[in-house]
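J.: If you scroll down you'll find the structure; I have some questions about it.
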C-alpha cells in the first residue's frame, strides 16, 4: 500500500503524505476511527526534504516506508494541518473509496460530481498511532 506524494513549500521545506498500514503492535486507542491494526492510515510529515521526512518515520520504527512517485500528494487541508502541529507528524484513518471506486482524496477527485462525506476524522499526533511507548517496535528481532 504505497499511495503517497509530496509538495515543496515556498520556504524550501516539504510535506510528505503517505498511506500506510496501521502497525499491529501499536496500542494507541482507535477512538472510533475505524483504524484497527492493519487498517490504512494517512500519515503526514513536515521536514527539510523528502529523505529527512522518511527518516523521521523510520526512526519511529516504521521501517518499510518508501515514497515512490507522487500519485497522491498532500491536499491543501493536509498541508495546513501538519504546518500547524508542533511535531510536524500527524495521522488519521485513510479515506476509503466509495461504491463507484472514487477516492475522496487528492486534487483530481475534488472536482468530481460525486458527493463527498463532510464528516471527516480529526488528525492525531503520531504518538497515538504508535502507542504509549511512541515506538512501533524493533527493526529486527533480537538474535
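Residue numbers (the numbering used here): 1043 to 1185. Ideal Cβ placement from N, Cα and C applies to all residues, glycine included.
Assign residue 1050 to one of three DSSP states: helix, strand, or coil.
T.: The answer is strand: DSSP assigns residue 1050 an E or B state.
J.: Whole angstroms is fine: what's the gap from residue 1165's alpha carbon to residue 1061's?
T.: In a straight line, the C-alpha of residue 1165 is about 14 Å away from that of residue 1061.
J.: Can you check whether the CB of residue 1081 is closer than 8 Å to the CB of residue 1055?
T.: No, Cβ-Cβ distance for residue 1055 and residue 1081 is not below 8 Å.
J.: Tell me where the beta strand (DSSP E) around residue 1171 begins and ends.
T.: Where residue 1171 is concerned, there is no enclosing beta strand (DSSP E), although the alpha helix (DSSP H) it sits in stretches over 1168-1172.
J.: Beta carbon of residue 1134, beta carbon of residue 1084: below 8 Å?
T.: In this structure, residue 1084 lies closer than 8 Å to residue 1134 by Cβ.
J.: So, at 6 Å on beta carbons, what are the nonlocal neighbours of residue 1148 in its own chain, with the 5 sequence-adjacent residues on each side left out?
T.: At residue 1148, the pLDDT of 49 sits below 50, so the modelled position is not reliable; the number obtained from the coordinates is stated separately. Once the five neighbours on either side are set aside, the close Cβ partners of residue 1148 are 1114.
J.: Are residue 1125 and residue 1167 closer than 8 Å when you measure CB to CB?
T.: Not closer than 8 Å, so no.
J.: For residue 1148, name the three-state secondary structure that DSSP assigns.
T.: Note that residue 1148 scores 49 on pLDDT, short of 50, meaning its location in the model is unreliable; the coordinates nonetheless yield the value given after this. Of the three classes helix, strand and coil, the one that applies to residue 1148 here is coil, per DSSP.
J.: Please state whether DSSP places residue 1084 in a helix, a strand or coil.
T.: Of the three classes helix, strand and coil, the one that applies to residue 1084 here is strand, per DSSP.
J.: Rounded to the nearest angstrom, what separates residue 1136 and residue 1118 at their Cα positions?
T.: If I take the Cα positions, the gap works out to 16 Å.
J.: Should residue 1095 be labelled buried (16 or more other beta-carbon atoms within 10 Å of its own) or exposed?
T.: It counts as buried.
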